[in-house]
Amino acid sequence: MNDERQEIARGAEAVLYRATGEDGDVLIKERVPKSYRHHILDDRLRRQRTKREAKLLEKARTVGVTCPKVLSVDKRVQAIVMEFIDGPPLRQAANEVGPEERVRLFKELGRMVGSLHGKDMMHGDLTTSNVIVKDGKLHLIDFGLGFHSTNVEDKAVDLHLLERAIDATHFAFAEEAFEAVKEGYVETLPDAELVFRRIEQIEGRRRYSSKKS
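Printed below as a string of structure tokens:
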């Protein structure tokens with residue numbers, strides 16, 4: 031791999047770099063040390079989260095969810111080297127296509143989430159910024175907050191976070207977009223109705239809390 035790399039994003043947990051590998055550009059996600067944590071605890075947390083994210087990415091691909099291919103894991107600096115997906119985020123692409131294509135994209139996103147939940151994988155940060163559109167195909171990225179769970183509540187929270195992200199970011203067509211997500215979700219998750227009902231309960235609890243405060 032070319033030693034030269036370009037920083038393209040910096041978040042609370044990691045720095046993203048773009049570099050050139052043997053077969054083209056790659057993305058390096060390096061978890062940065064946290065000085066406010068004890069170094070032994072920090073090392074353990076970074077190691078666990080890096081390993082978990084790499085495994086989630088690999089498993090997601092086995093169930094048909096398109097996401098970056100993991101090329102290697104550097105345990106010295108807790109970094110994942112993965113395929114670089116070159117394309118705009120769905121957050122941008124959804125505003126640049128017609129209604130029919132937009133519905134198709136969000137329905138496909140629903141299928142992807144349903145496939146993950148069907149294998150008890152939670153993404154943890156479902157937003158349209160974490161979906162890349164390349165040649166009309168969706169690629170789900172950033173499993174840094176992902177985890178495994180058989181709990182219906184966790185699946186409902188995961189999907190509900192996506193609903194709220196769509197409401198906040200795509201308010202002009204939010205209802206239509208999330209309906210498309212639900213249509214796709216039903217196609218790949220047999221118990222989708224249980225998740226939808228739990229989302230209603232979550233919304234009810236949220237409204238009740240808001241009234242009390």
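My numbering applies: residue 31 is where the sequence shown begins, and numbers increase by one. We put the CB at the ideal spot given by N, CA and C, even for glycine.
{"Query": "Hey, quick one: how far does the alpha helix (DSSP H) through I196 stretch, first residue to last?", "Result": "182-199"}
{"Query": "Does E205 pass the burial test, meaning 16 or more other C-beta atoms within 10 Å, or should it be called exposed?", "Result": "exposed"}
{"Query": "According to the Cβ coordinates, are L87 and F173 closer than 7 Å?", "Result": "yes"}
{"Query": "Can you name the start and end residues of the alpha helix (DSSP H) that H147 belongs to?", "Result": "129-148"}
{"Query": "Relative to the C-alpha of E193, which residue among S179, N181, V211, E183 is closest?", "Result": "V211"}
{"Query": "Among L46, L75, S102, D184, which residue has its Cα nearest to the Cα of K85?", "Result": "S102"}
{"Query": "M151 and L170 - do their beta-carbons sit closer together than 7 Å?", "Result": "no"}
{"Query": "Which of helix, strand or coil does DSSP assign to K105?", "Result": "coil"}
{"Query": "Within 10 Å of its beta-carbon, does A39 have 16 or more other beta-carbons around it, so buried, or fewer, so exposed?", "Result": "exposed"}
{"Query": "The beta strand (DSSP E) with I162 in it runs from where to where?", "Result": "161-164"}
{"Query": "Considering only C-alpha positions, which residue in the set T180, L189, E183 is nearest to T158?", "Result": "L189"}
{"Query": "On the criterion of 16 or more Cβ atoms from any shown chain inside 10 Å, does A202 qualify as buried, or is it exposed?", "Result": "exposed"}
{"Query": "Could you pull out every unbroken beta strand (DSSP E) segment of at least 3 residues lying fully inside the stretch 56-123, listed in chain order?", "Result": "100-104, 109-113"}
{"Query": "To the nearest angstrom, report how far apart V111 and D53 are at their CA atoms.", "Result": "13 Å"}
{"Query": "In this structure, how does DSSP classify E233 when only helix, strand and coil are distinguished?", "Result": "helix"}
{"Query": "Any idea if G234 is buried or exposed, counting beta-carbon neighbours within 10 angstroms, 16 or more meaning buried?", "Result": "exposed"}
{"Query": "Take the Cβ of E37 as the centre, count every other Cβ of all protein chains shown within 10 Å, and call the residue buried at 16 or more, exposed below.", "Result": "exposed"}
{"Query": "To which residues does DSSP link A49 through a beta bridge?", "Result": "R35, V56"}
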